[in-house]
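Participant:
Residue numbers (the numbering used here), protein chains in the order written: chain F, 35 to 147; chain X, 109 to 220.
Below you can see the structure in the form of structure tokens.
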């Protein structure tokens with residue numbers, strides 16, 4: 035019973051395509067995140083949603099659009115994919131936002147060719 | 109601008125010995141610190157945390173020490189086991205700013 039699950043685990047696609055990554059958490063948390071781990075292995079936050087409301091957008095290109103249909107889901111849609119978008123994308127969730135750990139999904143390795 | 113730094117990309121220790129992973133930070137606003145462990149092809153898993161009002165937190169074989177004046181924290185694993193071999197990320201946050209700031213990670217290898 036995976037706490038934070040994201041699909042797909044691997045995604046290979048051509049430049050210019052549009053793709054989505056889905057994330058679901060069954061922990062009852064009210065905050066969800068998208069993090070990106072680039073080729074240099076830095077894990078950086080992209081977006082944060084609290085109770086379906088966008089709280090953080092860390093200067094991510096507007097080709098990236100998160101969508102939170104409910105508190106348990108946070109999907110990431112990417113338009114016009116570029117080579118530089120190749121990375122591992124992690125979804126995470128937490129209960130609240132103050133002094134609390136986040137639980138991460140297994141990651142989606144996106145490769146743009 | 110790296111606000112959380114893990115200056116050792118890798119560390120190798122013998123099974124049964126102590127592993128010490130270090131982390132430095134520059135942002136004095138940080139008041140909560142966490143360590144995550146990551147195996148290949150998996151997401152980071154939470155290990156242990158410490159609030160800035162403490163200087164030590166223990167959980168079984170894992171102890172985190174915080175030196176606020178030096179803006180430094182460390183994770184001690186004792187005794188180290190081969191299953192501890194993974195990448196360890198230090199992370200920090202403050203207040204309710206909704207995000208973790210991660211270091212680059214240290215690859216720990218525990219040799220049998």
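Where is the CB? At the ideal position from N, CA and C, for every residue including glycine.
Pick from 136(X), 183(X), 209(X), 202(X): whose alpha carbon is nearest that of residue 169(X)?
Facilitator: Taking only the C-alpha atoms, the option nearest residue 169(X) is 183(X).
Participant: Assuming residue 133(F) and residue 136(X) make a contact with CB atoms under 8 angstroms, what is their CB distance in whole Å?
Facilitator: In fact, because the Cβ distance is near 17 angstroms, the residues do not count as touching under 8 angstroms.
Participant: Measuring CB atoms only, is the region 99–117 of chain F touching the region 115–123 of chain X, in the sense that at least three cross pairs come out at less than 8 angstroms?
Facilitator: These segments do not touch.
Participant: Are the Cβ atoms of residue 132(X) and residue 113(X) separated by less than 8 angstroms?
Facilitator: It is a contact, given that the beta carbons lie within the stated cut-off.
Participant: Report all residues from its chain with a CB closer than 7 angstroms to the CB of residue 63(F); omit the five preceding and five following residues, and keep chain order.
Facilitator: So the qualifying residues of the chain are 127, 128, 129.
Participant: Could you tell me if residue 100(F) is buried or exposed, where buried requires 16 or more neighbouring beta carbons within 10 angstroms of its beta carbon?
Facilitator: It is buried - the Cβ of residue 100(F) has at least 16 other Cβ atoms within 10 Å.
Participant: Take residue 201(X) and list the residues in its own chain whose beta-carbon comes closer than 6 angstroms to its own, dropping the five residues that flank it on each side.
Facilitator: Taken in chain order, the residues that qualify are 140, 208.
Participant: Using a C-beta cutoff of 8 angstroms, does residue 94(F) count as contacting chain X?
Facilitator: So, not an interface residue.
Participant: Are residue 216(X) and residue 196(X) close, meaning C-beta to C-beta below 8 angstroms?
Facilitator: Yes.
Participant: Taking a contact to mean a Cβ-Cβ separation below 8 angstroms, would you say residue 79(F) touches residue 58(F) in this structure?
Facilitator: No, they are not a contact pair.
Participant: How about residue 102(F): is its C-beta nearer than 8 angstroms to some C-beta of chain X?
Facilitator: It does not: the Cβ of residue 102(F) has no partner Cβ on chain X nearer than 8 angstroms.
Participant: Who are the Cβ neighbours of residue 187(X) in its own chain at under 8 angstroms, not counting the five residues just before and after it?
Facilitator: Cβ neighbours of residue 187(X) beyond the five flanking positions: 123, 124, 125, 126, 169.
Participant: Report yes if the CB atom of residue 37(F) is closer than 8 angstroms to the CB atom of residue 51(F), and no otherwise.
Facilitator: Result no, Cβ atoms of residue 37(F) and residue 51(F) do not sit closer than 8 angstroms.
Participant: Check this for me: beta carbons of residue 75(F) and residue 213(X), under 8 angstroms apart or not?
Facilitator: Contact: yes.
Participant: Rounded to whole angstroms, what is the Cα-Cα separation between residue 85(F) and residue 109(F)?
Facilitator: If you take the alpha carbons of residue 85(F) and residue 109(F), they lie about 14 angstroms apart.
Participant: Starting from residue 109(F), follow the beta strand (DSSP E) in both directions and report where the run begins and ends.
Facilitator: 107–112 is the extent of the beta strand (DSSP E) around residue 109(F).
Participant: Helix, strand or coil, according to DSSP, for residue 139(X) in the structure here?
Facilitator: In this structure, residue 139(X) counts as coil in the three-state DSSP scheme.
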